[in-house]
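What follows is a set of notes on a single structure, which appears directly below.
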């Protein structure tokens, strides 16, 4: 089969918005890969990375042909660009003006402090070998230990040039990456971190050497896609390690096939996640529920980072957390099963538009031959509403993966939901109990696994069970930084116990149930239980107080109450389960930012990321690294 050459990749010049509207429309997304080949330009030449902190080869999935088919090629494309914004203003220590000026190269009396406090005897412990990869800030080399525990053992050393750390942000990026690598340990699918060193010129990060190649290489070697059974083994490893990271309070933010390496060249080799250069910690933050009650909730990140094809919609809206990693795994799973990307365009802004608006194609070949369970699995990972997306631990209990008898990890979402439940009103708890009674044993499999991880005593769990389970599954770094805050937010549980029935009511996510095809049936059954056990007369004012809403919501809540008896209607019951979402100015601002990205042309993100803002949502100096 012959094919015409691909159009040249998009240029990096910033073009006016009207240029993007005159471009030729992209071919249909989600078409089957009929042919796999390597681009002549990419074959046999070094790949020059175009982004900060990328020290491995930069390669992406390139699509497009004259007949509309999407071809998987190793070629530079918008997907290989990792973009990063400086996060909006946060309650952290500001960067001194002197450091900012020095980072901008404006000349300063006070130079940047490039001392990291790492050991300075790298040359005495390791013998450097050949270079295996080169990036913008440095390169990666093979090395061998000279003495100590790693004597004669082969390792990989990431060498980061201090000369190229020209901003305080760049220095902090390196500190954070090493800190995260130190914090994460003990999982078989994590790249092993050994040590960090420095001298006057470089920082040396010593890690495990993986010789089995990238996941992308194996996809290409298999003709573009995996069989379902083989894909399951890959997906389970991804979910397992991501669930571990999320439990430790780390979100990766750049999951893609290039960032998964195999330990050896064996077909059944373990897969390791690498490159934590864009990763960050999710920290509990104090939130005001009302005038007298404060609770802890997970921080929402707001800097746009990642790789275009794998970025989640909420990242573009600048309000996201660990759910963004689950979206990326959904994109990778889609590629594994069919060989093409769910969201595609010729330009970066076009990819963002597709991510925000387009639906993945589940109709063209090979999807008709893919099992319904596999399709449901991918759809539940690629749900645009991050609240309805499965967590990594939940995904491991999905029917598609149950035949593998996966080990189910502890899920931090359980702690968040129970924290909300124990502070809920009696009417809200009654509604959740009715909802839990409508679920089948099969649908309660995930909750049963989480309850067992708490090691109940005589069928009951208390705060001590939650504390023991958390300590047992946490790294030393998390024990020092997060465990105390997480347990503080569950303090009311210290005066009571829960059996499995109440645990199910407390740990249910209404949003995730709404994503199921059976939601209407579940809600109808739950309402019948609620009518018998928990429904009672209520007023609009009382309902508003239950939901912590003001008089402006009365007109909306009036429709939730039956005029005949003053009780919640079926509509009111389903709405009451998760309350009212009020769209405030900050939410509208994030939506405007996302639309602005789409309207800036081929490299539209460049112009947006160079803006200065003053509000909490748009503050800071944003930079694009290419």
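Numbering (my numbering), first residue to last: 1260 to 1885. For glycine and all other residues, C-beta sits at the position ideal for the given N, C-alpha and C.
Check: Which of helix, strand or coil DSSP assigns to residue 1770; Outcome: helix
Check: Residue(s) in a DSSP beta bridge with residue 1521; Outcome: 1530
Check: For residue 1767 and residue 1712, believed in contact at Cβ under 8 angstroms, the rounded distance; Outcome: Contact flag wrong, Cβ pair sits at about 17 angstroms.
Check: Residue 1392: first and last residue of the uninterrupted beta strand (DSSP E) it sits in; Outcome: 1385-1393
Check: Residue range of the unbroken alpha helix (DSSP H) whose run includes residue 1497; Outcome: 1487-1506
Check: Chain-order list of residues whose beta-carbon lies under 6 angstroms from that of residue 1821 (same chain, five-residue window excluded); Outcome: 1828
Check: Burial state of residue 1664, where buried means 16 or more other Cβ atoms lie within 10 Å; Outcome: exposed
Check: Expected contact under 8 angstroms - CB spacing of residue 1532 and residue 1540 to nearest Å; Outcome: Contact flag wrong, Cβ pair sits at about 16 angstroms.
Check: Classification of residue 1444 by the beta-carbon crowding that lies within 10 angstroms, buried from 16 upward; Outcome: exposed
Check: Neighbour-count burial assignment, residue 1622, 16 or more Cβ in a 10 Å radius; Outcome: exposed
Check: Between the CA atoms of residue 1725 and residue 1718 - distance to the nearest angstrom; Outcome: 14 angstroms
Check: Simplified DSSP state of residue 1598, which is helix, strand or coil; Outcome: coil
Check: Closest by C-alpha distance to residue 1558, when choosing among 1607, 1581, 1762 and 1800; Outcome: 1581
Check: Start-to-end residues for the beta strand (DSSP E) that takes in residue 1452; Outcome: 1452-1457
Check: Supposed close pair residue 1529, residue 1447 - CB separation, criterion 8 angstroms; Outcome: 6 angstroms
Check: Cutoff 7 angstroms; reference residue 1772; Cβ partners in own chain excluding five residues on either side; Outcome: 1778 and 1781
Check: Contacting residues, own chain, Cβ-Cβ under 7 angstroms from residue 1619 (five flanking each side not counted); Outcome: 1289, 1593, 1601 and 1641
Check: DSSP state of residue 1402 mapped onto helix, strand, coil; Outcome: strand
Check: Inter-stretch contact (C-beta, 8 angstroms, three-pair minimum) for the segment 1584-1592 and the segment 1488-1498; Outcome: yes
Check: Segment limits, beta strand (DSSP E) that includes residue 1415; Outcome: 1413-1420
Check: Residue 1579, buried or exposed, once every other Cβ within 10 Å from all chains shown has been counted against 16; Outcome: buried
Check: Same chain, Cβ closer than 6 angstroms to residue 1654, neighbours up to 5 away in sequence not counted; Outcome: 1498
Check: Whole-angstrom distance between residue 1466 and residue 1440, CA atom to CA atom; Outcome: 9 angstroms
Check: Under 7 angstroms between C-beta atoms of residue 1770 and residue 1647; Outcome: yes
Check: Bridge partner(s) assigned by DSSP for residue 1826; Outcome: 1796
Check: C-alpha distance - residue 1398 paired with residue 1535, whole-angstrom precision; Outcome: 16 angstroms
Check: Burial state of residue 1380 (16 or more Cβ within 10 Å); Outcome: exposed
Check: Where residue 1590 sits in the DSSP three-state scheme; Outcome: helix
Check: Local conformation of residue 1719 per DSSP, three classes; Outcome: strand
Check: Alpha carbon of residue 1679 to alpha carbon of residue 1687, nearest angstrom; Outcome: 10 angstroms
Check: DSSP bridge partner residues for residue 1466 (one or two, in chain order); Outcome: 1415 and 1452
Check: C-alpha distance - residue 1576 paired with residue 1561, whole-angstrom precision; Outcome: 8 angstroms
Check: Boundaries (first-last residue) of the alpha helix (DSSP H) holding residue 1814; Outcome: 1813-1816
Check: Close beta carbons around residue 1389, own chain, < 8 angstroms, minus the five adjacent residues each side; Outcome: 1400 and 1401
Check: Opening and closing residue of the beta strand (DSSP E) in which residue 1564 lies; Outcome: 1564-1566
Check: Where residue 1511 falls, given that 16 or more other Cβ within 10 Å makes a residue buried; Outcome: buried
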